[in-house]
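Visitor:
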Amino acid sequence: MLTEKEKNNLYILISSILGKDIGIKSYKMRFNDRTVKVVEDMIRTNIHCNNAVKDLFSALITAGKLSSKGWLRKILSSLDAMLDIQEEGLNSYGCSVATKSRWKSYIITSTI
Amino acid sequence: MKFLLLGFCLIIIGGCSVPQEIERPKKYTKIHYSGYFTLTIPTSMLANAKIFDSDGTVIVFDKNKQLSGFIITNEKDNLPEGFDLREYPKYFLELKETDSLSTDVKRMFDLSSKELKESLNGPAISVYEATNKIYYVACKKESCVTFITMKNQNEQIFMLTSEGFGWDFLKNFIEGV
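First to last, the sequence lines map onto chains A and B.
Numbering of the first sequence is given in our numbering, commencing with residue 1 and proceeding in unit increments.
Numbering of the second sequence is given in our numbering, commencing with residue 1001 and proceeding in unit increments.
(1) So which residues of chain A does residue 1111/B contact, with C-beta pairs closer than 7 Å?
(2) Could you pull the start and end residues of the alpha helix (DSSP H) that residue 152/A belongs to?
(3) Under 8 Å, Cβ to Cβ, is there at least one residue of chain B near residue 45/A?
(4) Out of 1122/B, 1110/B, 1055/B, point me to the one whose CA is closest to residue 24/A's CA.
(5) In chain order, what residues of the same chain lie with their CB nearer than 7 Å to the CB of residue 50/A, ignoring the 5 residues before and after it?
(6) Around the C-beta of residue 1169/B, are 16 or more other C-beta atoms found within 10 angstroms, so that it is buried, or is it exposed?
(7) What are the boundary residues of the alpha helix (DSSP H) that includes residue 23/A?
(8) If distances are taken between C-alpha atoms only, which option among 1164/B, 1160/B, 1166/B comes closest to residue 1032/B?
(9) Here's the rule I'm using: 16 or more other beta-carbon atoms within 10 Å means buried, otherwise exposed. How should residue 1124/B be labelled?
(10) Tell me the DSSP secondary structure of residue 1054/B in three-state form.
(11) Assuming residue 100/A is part of the alpha helix (DSSP H), what are its boundary residues?
(12) Assign residue 1/A to buried or exposed, taking buried as 16 or more other Cβ atoms, counted over all protein chains shown, within 10 Å of its Cβ.
(13) Tell me which residue opens and which closes the beta strand (DSSP E) that residue 1031/B is part of.
(14) If distances are taken between C-alpha atoms only, which option among 1152/B, 1116/B, 1130/B comes closest to residue 1138/B?
(15) Could you check if residue 1121/B is buried or exposed, using at least 16 other CB atoms within 10 Å of its CB as the buried criterion?
(16) Taking C-alpha atoms, which residue in 1113/B, 1140/B, 1109/B lies nearest to residue 1079/B?
(17) Along chain B, which residues have their Cβ under 8 Å away from the Cβ of residue 108/A?
(18) Mind checking the region 22-47 of chain A against chain B and listing, in chain order, the residues whose C-beta falls within less than 7 Å of any C-beta there?
(19) List in chain order: all unbroken alpha helix (DSSP H) runs of 4+ residues lying wholly within the region 1095-1157 of chain B.
(20) Count the other CB atoms within 10 Å of the CB of residue 1051/B; is the residue buried (16 or more) or exposed (fewer)?
(21) Can you pull the chain B residues whose beta carbon is under 8 Å from the beta carbon of residue 104/A, in chain order?
(22) Which same chain residues end up closer than 6 Å to residue 1164/B when comparing Cβ atoms and leaving out the 5 residues on each side of it in sequence?
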């Protein structure tokens, strides 16, 4: 069970990687631990697709937070303060829309 | 006695020669992704399935089985006008060098292919050809990403992401295989 703040942070994180997406946002209220796991996998594989992901990884490694599976769930509530992720001014997604679309469907599937 | 024995033999022979009937689904549901691309799913498989839109129709059969279709066009991927989408899977799956492409397009394919390899943990790539379609299949166990191109049009191609289905099963859903 995620708190409202954790759900918001998770959406901000997703949109900082894939860009704002009304479709994903419309499922935000149903984000859960499975969604966190999907996003953790997405961050791992999308590291080259987006500068925001690279920055996120660097910051997490520096802070010693990126240790093992489940790291995202542990830091989700403090993610906004730690990384100062902003919903505005997003970096562009460098991979194909096919890649983005694949992850979008995994994220939404995790909520239903 | 002779007739009884003959009858018994005929029953045995007849029993052995009757071909085994393969049970095929009787009803199918078609999901049209565009004028070109359609999935055909046995209707019985859709009982209890969850269906939603995510840039294309996604079908969740159960927690381990999922199909997700997506139409790719030049506009959607900001590809230059005139880019031949039939080449898209070749670049994406590293079946063709990207060096001849513009910097941005090359980068997009290189990054996407790296992501796919990482995501599917080194998938096996196969290419199958049918009368009018070519299937580019990247599978790791039962996780697959399939690109389908048509020989007679380059307006759009189809990407099918699947979990819980190997290609042997998956191809039954795709018309024209």
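By construction, the Cβ of each residue, glycine as well, lies at the ideal position given by its N, Cα and C atoms.
Since we're looking at a predicted model, the values are computed, not measured.
Guide: Once the coordinates are examined:
(1) As a position in the second sequence, residue 1111/B is number 111, starting the count at 1. Simply 48, 49, 94, 95.
(2) The structure shown does not extend to residue 152/A, since chain A is modelled only from 1 to 112, so the question has no answer here.
(3) Here residue 45/A refers to the residue found at position 45 when the first sequence is read from its first residue. With 8 Å as the cut-off, residue 45/A counts as an interface residue toward chain B.
(4) The residue you call residue 24/A lines up with position 24 of the first sequence. The residue with the shortest Cα to Cα distance from residue 24/A is 1055/B.
(5) The residue labelled residue 50/A in the question sits at position 50 within the first sequence. 17, 91, 93, 94.
(6) The sequence position of residue 1169/B within the second sequence is 169, counting from 1. Label assigned to residue 1169/B: exposed.
(7) Position 23 of the first sequence, counted from the start, is the residue given in the question as residue 23/A. Note, residue 23/A: alpha helix (DSSP H), 22-25.
(8) As a working note, residue 1032/B is residue 32 in the second sequence. Ranking 1164/B, 1160/B, 1166/B by Cα distance to residue 1032/B puts 1160/B first.
(9) Along the second sequence, one-based indexing puts residue 1124/B at 124. Flag for residue 1124/B reads exposed.
(10) If you number the second sequence from 1, residue 1054/B lands on position 54. Of the three classes helix, strand and coil, the one that applies to residue 1054/B here is coil, per DSSP.
(11) Here the question's residue 100/A lines up with position 100 in the first sequence. Where residue 100/A is concerned, the enclosing alpha helix (DSSP H) stretches over 97-109.
(12) For the purposes of this step, residue 1/A is taken as the residue at position 1 of the first sequence. It is exposed - the Cβ of residue 1/A has fewer than 16 other Cβ atoms within 10 Å.
(13) The residue labelled residue 1031/B in the question sits at position 31 within the second sequence. 1028-1032 is the extent of the beta strand (DSSP E) around residue 1031/B.
(14) Your numbering for residue 1138/B matches position 138 in the second sequence. It is 1116/B.
(15) Residue numbering aside, residue 1121/B sits at position 121 when the second sequence is read from its first letter. Residue 1121/B comes out exposed.
(16) By 1-based counting over the second sequence, the position of residue 1079/B is 79. Minimum Cα distance to residue 1079/B is reached at 1109/B.
(17) Position 108 of the first sequence holds residue 108/A. Chain B residues near residue 108/A: 1052, 1054, 1058.
(18) 23, 45, 46
(19) 1103-1119
(20) Looking up residue 1051/B in the second sequence gives position 51. Flag for residue 1051/B reads exposed.
(21) Against the first sequence, residue 104/A aligns to sequence position 104. Chain B residues near residue 104/A: 1054, 1055.
(22) Taking the second sequence and counting its residues from 1, one reaches residue 1164/B at position 164. Once the five neighbours on either side are set aside, the close Cβ partners of residue 1164/B are 1064, 1065, 1142.
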